[in-house]
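Trainee:
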Amino acid sequence: MPQWLERELEERRLNRLDLLIWPVGLAVATLWALPFVWMVSTSFKFPADVMTQDIEWLPSRVTFDNYIKVFEYPVVRWGINSLIQATLATFFCVLFGAMAGYALARMHFPGRNLLFVIFLASLMIPVEVSVIPLLLAFVKVGWASSYQALILPAIGNVFSVYIFRQFFLTFPAELEDAAKMDGAGPFNLFFRIALPLARAPAIAASVIIFTLNWNSFLWPLLVTFDESMKTLPVGVAAFTPVVGTRTQIEGYSVAMAAVTILSIPSLLLFCFLQRYFIQGISQGSIKQ
Amino acid sequence: MAAIELKNVAKSFGNVAVIQGVDLSVEHGEFIVFVGPSGCGKSTLLRMICGLEPITSGALSIGGKPMQGVAPAKRGVAMVFQNYALYPHMTVAENMGFSLLMERVPRKEREARVKRAAETLQLGELLGRRPKELSGGQRQRVAIGRAIVRDPQVFLFDEPLSNLDAELRVQMRLELAKLHRKLGATMIYVTHDQTEAMTLADRIVVLRSGVIEQIGTPLEIYAAPRNRFVAGFMGSPKMSFLAAKVVRTSGREVTLAVEGMSPATVDIELRKAERLADQVTLGIRPEHFRMKGGQGPRLQARIDFVERLGGDSYLHAPDHPAGGLIIRQSDAVPVKPDAMPVTIGVDWPEVHLFAAGGQAIELKRESLSES
Ligand SMILES: Nc1ncnc2c1ncn2[C@@H]1O[C@H](COP(=O)(O)OP(=O)(O)OP(=O)(O)O)[C@@H](O)[C@H]1O
Ligand SMILES: [Mg+2]
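Chains as they are written, first to last, in the working numbering: chain A, 33 to 320; chain B, 3 to 373.
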């Protein structure tokens, strides 16, 4: 290794392994970013520029027509539905996940490890299997095409339980002992001591679960029967151009505009909470 | 009525017996110190007293009331933890007031009591800070403050000073002694530190493997250890143990032969006539060796290395044939390590004698003579 490179590495506090990791990471990041760039770029193109001989990464001419066309549909209403659905589902999902994770990690009751294994095992059941019985149940209760239908099934989420369980496993036992000595029962112990100290996993779980709910498609598609209850992904799916028709090309750029709008909230959330997000994810795996 | 009474208290984790039949009665206002090797059950005993750990068998009462099924917070007991265990997301004032909040004490009174405790511990300016903005010593004071606020009858301390540096430890030790005088509360204190145990305790409880080996005032424990374990555990540096052979017994008179000694035998008078096994152990504290003077038989030993502490020096002679020696020398010019053996005198009236099983044999003091 040439000397200038060594000196450079030292100055930037990198080690030799970083020389390998950084280019690979950069390549992977680029690969992941490409479709996103393509989506945004296409959403600003004229229909004529969408399918070109040479790949046009950035539009040569810019138009906002696609966005205007998107708003001819009730996207605002869908957006509000999506927001209500994703926010409430995330809130309860994180709250209950924290409670369950806390109980699984800190409370000694028989079968708690078995219970956790069952939780994890439930991940192996594909959504497609459970979705029809669930739909029938909601229809029977008369809750089809309602907010309850959109929110309730999303509240139980094993991922949220998992992330909190891992966090609370490393939670100092002395803090709990001190709180018990101070007279805190399980309720105060959880809400006044454990939960306020679980900010990192709470944020990580929130970002992931919010994104998951915001993008959820199959269940909202099945359970919403009228236009006004549709969520954004379900509504936007209607834009997907039918292959082989004249409108295919035009529909393509409008669809891209719709999807761009759809991705904004998750993107913002991630940007603002990135620091906590990474903290929370690594907390479970790396013990300090 | 005792402040704390343990009757035949035992604790097992699964089928591992950690505490075995402990009987202990603590008087009101007493300062009790638990010492013992790591893992002997000191923390477990404390945790059983405060109710964080259920008792497997036996009975515990505090202030005359049986504690079976009484929640930790309802026992009139406060605990100070080794790692302070302050709530990181609360200010000092909130940390100290948390127990009162849990008791639903009105806010006005809560603030007043926190303020009073803060004054006792000189924490006034720190009330608005978070634990991570405090030094180690300040955190320890807050942890003690959190205990004081509840106005408990009994304080439990689990190695509270072990995370502090030497100087701060000495300072906090004095403050704790003062606090004990001021509050007049009963205190039980766990420590690894001999000095803390000797200076703070009214009585010391020496534990080994979940069994109480001896209870007594610091001086009793030091001067009259009940067995070889206590003798070796208390005192730093350790007591030297020398193998000795019983060559003759007549009534209370025993003649012992020790290797590497001249003359080869020494006469020792027991307090009462007793049959001894052939092999016994002599125990001699570092300060009971004499480099100069002293009467009676003397030991020959090669000094291997010397620890100089300024005033005193400790001479180590690990390969004496009867057992390793540690000798305190207070002279200004200590002996130098040398390949040639030196002659070491012994304060024979101060030695200890242990039977083969380790239990101390009572000696008639000041009645030992050379043979
Ligand atoms: N929750 C537990 N489950 C199983 N064994 C335990 C538990 N807590 C303590 N022990 C065991 O009980 C014994 C006594 O532990 P304890 O913590 O009381 O020792 P200690 O005297 O406080 O030691 P130290 O001086 O190192 O703090 C140890 O052997 C320990 O392994
Ligand atoms: Mg301990």
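Even glycine gets a Cβ: it sits at the ideal position worked out from N, Cα and C.
Given the structure is predicted, the values throughout are model-derived calculations rather than measurements.
Quick check on the burial criterion: 16 or more other C-beta atoms within 10 angstroms. Buried or exposed for A:E38?
Mentor: exposed
Trainee: DSSP on B:M236, reduced to helix/strand/coil?
Mentor: Here B:M236 carries a coil assignment [DSSP, helix/strand/coil].
Trainee: Would you list, in chain order, the members of the region 147-174 of chain A that have their beta-carbon closer than 8 Å to a beta-carbon of chain B?
Mentor: none
Trainee: Under 8 Å, Cβ to Cβ, is there at least one residue of chain A near B:H91?
Mentor: yes
Trainee: Which partner residues does B:M104 have in the DSSP bridge list?
Mentor: Answer is none; B:M104 lacks a bridge partner.
Trainee: Does A:N220 get closer than 8 Å to chain B when you measure Cβ to Cβ?
Mentor: Taking a beta-carbon distance threshold of 8 Å, A:N220 counts as an interface residue toward chain B.
Trainee: Less than 7 Å separating the Cβ of B:K44 from some heavy atom of ligand 2?
Mentor: yes
Trainee: So does the region 10-28 of chain B actually touch the region 206-213 of chain B, counting three or more Cβ pairs closer than 8 Å?
Mentor: yes
Trainee: In angstroms with no decimal places, state the Cα-to-Cα distance between A:L221 and A:L227.
Mentor: 9 Å
Trainee: Report whether the distance from the Cβ of B:V37 to the nearest heavy atom of ligand 1 is below 7 Å.
Mentor: no
Trainee: For B:A225, collect the residues of the same chain with a Cβ closer than 7 Å to its Cβ; drop the 5 residues on either side in sequence, then sort them by chain order.
Mentor: There are no such residues.
Trainee: Look at the alpha carbon of B:S264 and the alpha carbon of B:L185, and state the distance between them as a whole number of angstroms.
Mentor: 56 Å
Trainee: Kindly indicate which three-state DSSP category A:A230 falls into: helix, strand or coil?
Mentor: coil
Trainee: At a CB distance below 8 Å, what residues from the region 64-75 of chain B approach chain A? Give them in sequence order.
Mentor: For the region 64-75 of chain B, the set of residues with a beta-carbon nearer than 8 Å to any beta-carbon of chain A comprises A73, P74 and A75, in chain order.
Trainee: Provide the residue(s) that pair with B:L327 in DSSP beta bridges, ordered along the chain.
Mentor: B:A319
Trainee: Apart from the five residues on each side of it in sequence, which residues of its chain come closer than 7 Å, Cβ to Cβ, to B:G126?
Mentor: If we look at B:G126 and ignore the five residues flanking it on each side, its Cβ neighbours are A120.
Trainee: A:G15 CB to nearest chain B CB: under 8 Å?
Mentor: The requested residue 15 of chain A does not occur in the structure, where chain A is confined to residues 33 to 320.
Trainee: Since A:F191 is in the alpha helix (DSSP H), which residue starts that stretch and which ends it?
Mentor: Here the alpha helix (DSSP H) through A:F191 covers V190 to L201.
Trainee: Quick one: any contact between the region 257-268 of chain A and the region 120-137 of chain A, if contact means 3 or more CB pairs under 8 Å?
Mentor: Under the Cβ criterion (8 Å, minimum of three pairs), the region 257-268 of chain A does not count as touching the region 120-137 of chain A.
Trainee: State the DSSP-derived secondary structure class of B:Y86, mapped to helix, strand or coil.
Mentor: coil
Trainee: Would you please state the rounded distance, in angstroms, between the beta carbons of A:L182 and A:Q117? I believe it to be under 8 Å.
Mentor: 4 Å
Trainee: So is the beta-carbon of B:H194 under 7 Å away from any non-hydrogen atom of ligand 1?
Mentor: yes
Trainee: Can you check whether the CB of B:G65 is closer than 8 Å to the CB of B:A149?
Mentor: Not in contact: B:A149 and B:G65 (Cβ atoms no closer than 8 Å).
Trainee: For B:V208 and A:L120, what's the separation of their Cα atoms in angstroms?
Mentor: 58 Å
Trainee: Can you tell me whether A:P142 is buried or exposed? The criterion is at least 16 other CB atoms within 10 Å of its CB, across all chains shown.
Mentor: Per the 10 Å Cβ criterion, exposed.
Trainee: Is the shortest distance between the beta-carbon of B:L123 and the beta-carbons of chain A less than 8 Å?
Mentor: no
Trainee: Alpha carbon to alpha carbon, what distance is there between B:E135 and B:L158?
Mentor: Going by the C-alpha atoms only, they are around 26 Å apart.
Trainee: Which residues, in chain order, does the region 191-213 of chain A contribute to contact with chain B at a C-beta distance below 8 Å?
Mentor: P204, E206, L207, D209, A210, A211, K212 and M213
Trainee: Is it true that the region 359-366 of chain B meets the region 321-328 of chain B, where meeting means three or more beta-carbon pairs spaced less than 8 Å apart?
Mentor: no
Trainee: Hey, B:V35 and B:L202 are a contact pair by Cβ (cut 8 Å); roughly how many whole angstroms apart?
Mentor: 6 Å
Trainee: Once DSSP output is grouped into helix, strand and coil, what is the label at B:M263?
Mentor: strand
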